[in-house]
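Going by my numbering, the first residue of the sequence shown is number 2, and it counts up by one from there. From the three backbone atoms N, C-alpha and C, an ideal C-beta is built for every residue, glycine too. Quick notes on the structure that follows.
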Amino acid sequence: MPTAAPERPAELPGERPGAARTSRSFALPRGTGRTAARVAALTVCQGALMVGLGLLITGPARGLWPMTVEDDVNEGLEHARTGTLTTVSFLGSEAGNTLTVIAVTVLACAGLILIPRLPMWRQAAFLAVAVSLQSLVFLVITESVDRHRPEVHRLDASPPTSSYTSGHTGAATALYGGLAVLALSRLRGPWRRIVGGLLLLVPVLVAVARLYRGMHHPTDVVGGLVNGSLSLLIVGRALFTDGTVTAPAGASSAPSFASAGASPGAPGPGRTAVIFNPTVTGEADRAALRGVLERHGHRAPVFIETTAEDPGTGQTAGAVRDGARLVVVCGGDGTVRAAANALADSGVPLAVVPCGTGNLLARNLGLPLSPTDALDAALRGAPRRLDLGRVEGDGLTATHFAAMSGAGLDAAIMEHTDDRAKSVLGWPAYVLAGVGTLRTPRMRLTVRLDDAPALRRTARMVLIGNVGTVQGGTTLLPAARPDDGLLDLLILDPRGVGGWTRALVTLLRGGAKAPRPSAVDTLTAEDGDRSGVPVEFFTFRRAELTFDSTQSRELDGDPVTPGRRLATEVRPGALTVLLPAGGA
C-alpha cells in the first residue's frame, strides 16, 4: 500500500490548494499534454487496427469461417422472433442508441463532478474521453470499410453507415464498461460486484439485440465490443496508470492529524494506538473506527498518522515503547507490513483494518473488507500467533513481510502501477499495469532451500508467500498457511500459449494436482532440469534466491530497490493478531 506523504486523492484537477469549495481553479495538471499526445497516438493505432480487421473481413477472409456462417446466424434469429423478444430487443438496442449514450454520459459525468464531496474529475474525464474516442474511431471505420447490412428483414431504419462495426455496441461497451470499472473501484459492500456485473452485461445485451433486429453481422458486434474495450483500455492506462499526469504545482496535502479529540502524542500505558495511513483513511473513517473501539471498551484511542518518510514502523515502535496494549493498523498491506515489522516478537496484539488496494493479509485471514466490520470482528475475536517472513538482500535492509514477497513479473507490475490508479480504481489498476509488463524478460536464478542442493531455474516470476490467495480469490500458493512455521515458493515459468494455458489451469484449480516438493525432495521431470514445467511449488524454512541479473523486487505489494538477491527465513509465531473465530 502506498505510504506517501498526505496527499489529496487523484481527483485534484479543479481544486485550488487550501481554497474553499466555492473557489476553484481549472488549471490543467502537469503532463496533460504528453498524456493527450500518447492517447492520440494509441487511438490512431486503434483505428488502424479496426480498419484493417474490417478490410480483412470484407476482403480476403470473407470466404472463411466464421464469415461464411454469419448469414445463417442472422436468418436463424429472424425466424426466432416473437413479440416479447422484439420488445426486449428494442429496449436493449436503445441502451446503445446515440441519444441514450450521450444522455447517460453527461449525467454520469455531472454526478461524478457535482455529487461527491471531492469532485471526481479524473473519473469523469475517463468516462467522457473513452466514449468520445470510441465514437471517433467508429466514424473513421465506417468511412473506411464498406459493408452491407444483413439480407434479412431489419426491425430498425438503416442508418447511412457501414454495418461494420456496430456503433451501438461500441458506444455501450465504452459507456457501461467504464461505469462498471468505476463501480467496482468506488463502491463497497456486497452490491459492488452485482452492480459491476450488471453494467458489464449491458453491452452484451446491446450486441445481441442488434443481431436479433437484423442490423449487424456477428463480426460487426464483436468489432464494436473490441472497439469500445480498446478505448477504455487506452484512456484507463493514460489517466490511472500513467505517472506523467500529476497534480498542479502547489496542490495541498490532506489535512494533518485532525481526528476529533485525538492527540498526536504517544499513547500512555494501557492505551490503544491507531496507526493510520492518511492517504486512505479519512476523517470520517477515523470517527467511525473510534466509535467501534469505544463500543468495545477502548477509551480515548490515540490516532497516529504515517508519513512518506516513515510508513508505520517508527510510529508503531514508539507506541509499544510508551505502553500501548493494542495496535490498530488502518491502511493497505504496506502499512500493515511496516507495523508488523515493529511488532515482531513484541507480543502486543495487532488489529488489521483493511483500507488499501490489495488487502492481501486481511483477505487471507478471513477479515471483512469493510474497515469498521473488520475492526469489530477483530475486537470480538482472540489473539493468534502468526508467522512472519524475514527478508534481506543487496540494497535491502533486513525487514519482515506478512503476506508475500517476490521478484520478476509481479514486482514489475507493482512498479508500474501508479499510486493514483490504486486510489481511484482499486486492485483493477494492477490489471491495467500488467498489460505493459507481460513482456518482462525471463530471469535465470539459483534457488537454495534449507539444506538441499542448489537448483538452477528460469522464471518469469518467483513468489514467496506466508499466505496463498490474491485478489479475485485466485490461489497462487495453495498450501501456504500463516501459522504453519513454513513459507511457500512459487516459480512461474510458462513458455508460449500452451505453457501459459497450463499455468493458468494449475493456478485456477488452486494447485490441487501440482507438485509441492519440500526442499529435500528429489526433483525429477521429463526434461531433467524442469525447464519446461510452467508452475512449481516448494515449501521451506530458509531460502536464498540469487538472480543472474538485476530484478524488480517487492514486499507485500510495495516495490523495493531492484537487486540480484533475496534471502528469506520464516519467523514462526512472531506476530500476534486479533482474529475472529474461524479466521485464517
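For L446 and L546, which I take to be in contact (beta-carbon distance under 8 Å), what is that distance rounded to the nearest angstrom? Their Cβ separation, rounded to whole angstroms, is 6 Å, which keeps L446 and L546 in contact under 8 Å.
Nearest to A460 (by Cα), restricted to the options L478, D452, P495 and A480: Comparing alpha-carbon positions, the option among L478, D452, P495 and A480 lying closest to A460 turns out to be P495.
Can you look up G390 in the DSSP assignment and give me helix, strand or coil? It is a strand residue.
Backbone secondary structure at E570 - three-state DSSP: Judged by DSSP in its simplified three-state form, E570 adopts strand.
Beta-carbon proximity check, A239 vs T36, cutoff 8 Å: A contact, by the Cβ cut-off of 8 Å.
Apart from the five residues on each side of it in sequence, which residues of its chain come closer than 6 Å, Cβ to Cβ, to D528? For D528, the pLDDT reaches just 37, beneath the cut-off of 50, and the residue's location in the model is therefore unreliable, leaving the point undetermined.
Per the DSSP calculation, D489 is bridged to which residue(s)? The beta-bridge partner set that DSSP reports for D489 consists of G466 and T540.
If you draw a straight line from the alpha carbon of V182 to that of T170, how long is it in whole angstroms? Cα to Cα, V182 sits roughly 17 Å from T170.
Stretch pair the stretch 387-400 + the stretch 561-574: three plus CB contacts closer than 8 Å: Taking 8 Å as the limit for Cβ pairs, the verdict is that the stretch 561-574 does touch the stretch 387-400.
DSSP three-state call for P581: helix, strand or coil? If DSSP states are grouped into helix, strand and coil, P581 belongs with coil.
Cα separation between A480 and R322? Distance between the alpha carbons of A480 and R322 is about 36 Å.
Coarse secondary structure for T459, derived from DSSP in three states: If DSSP states are grouped into helix, strand and coil, T459 belongs with the strands.
Taking the alpha-carbon positions, what's the A340 to G407 distance? Just so you know, the alpha carbons of A340 and G407 end up roughly 20 Å apart.
Using the three-state DSSP reduction, which class does P160 fall into: helix, strand or coil? Coil at P160, not helix or strand.
In whole angstroms, what is the alpha-carbon distance linking D334 and I414? About 16 Å.
For T308, the three-state DSSP class (helix, strand or coil): Assignment of T308 by DSSP, reduced to helix, strand and coil, places it in the coil class.
Are there three or more Cβ pairs, one per stretch, closer than 8 Å when the stretch 84-101 is compared with the stretch 209-224? When C-beta atoms of the stretch 84-101 are compared with those of the stretch 209-224, three or more pairs fall below 8 Å, so the two segments count as touching.
What do you reckon, is the C-beta of G469 under 7 Å from a heavy atom of the ligand MG? No copy of the ligand MG appears in this structure; indeed no ligand is present at all.
From the DSSP secondary-structure annotation, give me the bridge partner or partners of P560. In the DSSP output, where bridge partners are listed per residue, P560 has E555.
Just curious, the alpha helix (DSSP H) that L446 is in, first and last residue? For L446, there is no enclosing alpha helix (DSSP H); the enclosing beta strand (DSSP E) covers residues M444 to L450.
Using a Cβ-Cβ cutoff of less than 6 Å, which residues in the same chain neighbour R449 once the five nearest sequence positions on both sides are dropped? Cβ neighbours of R449 within its own chain (closer than 6 Å, five residues either side excluded): A455 and E545.
Give me whichever residues DSSP pairs with L546 in a beta bridge. V448 and L567.
Nearest-angstrom Cα separation, counted from F127 out to G237: Using only the alpha carbons, I get a separation of about 6 Å.
Reference V536; option with closest CA among W501, S550 and E284: Taking only the C-alpha atoms, the option nearest V536 is W501.
Go through its chain and collect everything with a Cβ distance to L226's Cβ below 7 Å, but skip five positions before and after it. T170, T174, P204 and A208, listed in sequence order.
Report the three-state DSSP secondary structure of L86 (helix, strand or coil). The answer is helix: DSSP assigns L86 an H, G or I state.
If you compare alpha carbons, which of A320, G396 and D549 is closest to P442? Taking P442 as reference, the option from A320, G396 and D549 with the minimal CA-CA separation is D549.
Indicate whether E79 and T220 have their beta-carbon atoms separated by less than 8 Å. Taking the C-beta atoms as reference points, T220 is found no nearer than 8 Å to E79.
Do you know how far the Cα of A325 is from the Cα of A267? With a pLDDT of 34 at A267, under the threshold of 50, the modelled position of that residue is not reliable, and the figure given next carries that caveat. About 9 Å.
Against chain C, does A383 count as a neighbour if the rule is that its beta carbon must be under 8 Å from one of theirs? The structure shown contains no chain C; it is built from a single protein chain.
Examine the Cβ distances between the stretch 44-61 and the stretch 147-167 and report whether three or more of them are shorter than 8 Å. The answer is yes - the stretch 147-167 touches the stretch 44-61, with three or more Cβ pairs under 8 Å.
Can you give me the start and stop residues for the beta strand (DSSP E) that T441 sits inside? Premise fails: T441 is in no beta strand (DSSP E) and is neither H nor E.
By a C-beta neighbour count over all protein chains shown, 10 Å radius and 16 as the cutoff for buried, is L200 buried or exposed? Per the 10 Å Cβ criterion, buried.
Just mark W66 as buried or exposed, buried being the case when its beta carbon has 16 or more other beta carbons within 10 Å. Exposed.
Among G77, E295, H297 and R510, the one whose alpha carbon lies nearest that of H154: Measuring from the Cα of H154, the nearest candidate turns out to be G77.
Residues that DSSP places opposite M405 in a beta bridge: M405 is bridged by DSSP to G466.
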